[in-house]
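Engineer: Using this note's numbering, you'd call the opening residue of the sequence shown number 1 and step up by one each time. Even glycine gets a Cβ: it sits at the ideal position worked out from N, Cα and C.
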Amino acid sequence: MPFRTGGAEISTPTKTNREVVMRLEGGCYCGEVRYVAEGDPMMQAQCHCRECQYISGGAPNTFIAMPAAGFSYTRGQPKQFHAQGSRTRVAREFCANVARIW
Ligand SMILES: [Zn+2]
Ligand SMILES: [Zn+2]
């Protein structure tokens, strides 16, 4: 049964071998960019690094890491930003219309 949290729809489809995988669907506020992330979550955590502080406004960034192979944009293309002089080489993707990262 799908449910919503933080703008993302989460469901747990069952594979034929009875393993449960996670499926996240979400997107930006205006709806131009949509994504799906499927697979077994690799970790969930809070990050307190400087890059995440910039994005969150100071609070820890809470996230789930999903396999890259199961991630794709299903609508639109995000704009990408690389912080100048960043030692961590963090790239952020967001909707250019609403300037929102999700
Ligand atoms: Zn948007
Ligand atoms: Zn971080």
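How many angstroms separate the CA atom of Pro-41 from the CA atom of Ile-64?
Structural biologist: Those two C-alpha atoms are separated by around 7 Å.
Engineer: I'd like the list of long-range same chain contacts for Arg-75, defined as Cβ closer than 6 Å, with 5 residues on each side in sequence excluded.
Structural biologist: Around Arg-75: Arg-34.
Engineer: Would you check whether ligand 1 has a heavy atom nearer than 8 Å to the C-beta of Arg-25?
Structural biologist: Per the sequence shown, the amino acid found at residue 25 is Glu instead of Arg. No, Cβ of Glu-25 sits at least 8 Å from all heavy atoms of ligand 1.
Engineer: Please look up how many angstroms separate the CB atoms of Gly-26 and Gly-70, rounded, as I've assumed it's under 8 Å.
Structural biologist: That belief does not hold up - the Cβ atoms of Gly-26 and Gly-70 are roughly 14 Å apart, past 8 Å.
Engineer: Is Arg-89 helix, strand or coil when you go by DSSP?
Structural biologist: Residue state, collapsed to three classes: coil.
Engineer: Can you list, in chain order, the residues of its chain with a C-beta nearer than 7 Å to that of Val-90? Leave out the 5 residues immediately preceding and following it.
Structural biologist: The answer, listed in chain order, is Glu-51 and Ala-83.
Engineer: Nearest to Gly-58 by alpha carbon, out of Pro-67, Gln-46 and Met-66?
Structural biologist: Comparing Cα positions, the closest option is Gln-46.
Engineer: Are Gln-80 and Arg-92 touching if we call contact CB-CB under 9 Å?
Structural biologist: Yes, these two residues count as a Cβ contact at 9 Å.
Engineer: Only counting runs of 3 or more residues, tell me where the beta strand (DSSP E) segments fall wholly within the stretch 33-64, in order along the chain.
Structural biologist: Within the stretch 33-64, the complete beta strand (DSSP E) runs of at least 3 residues are 34-39 and 43-47.
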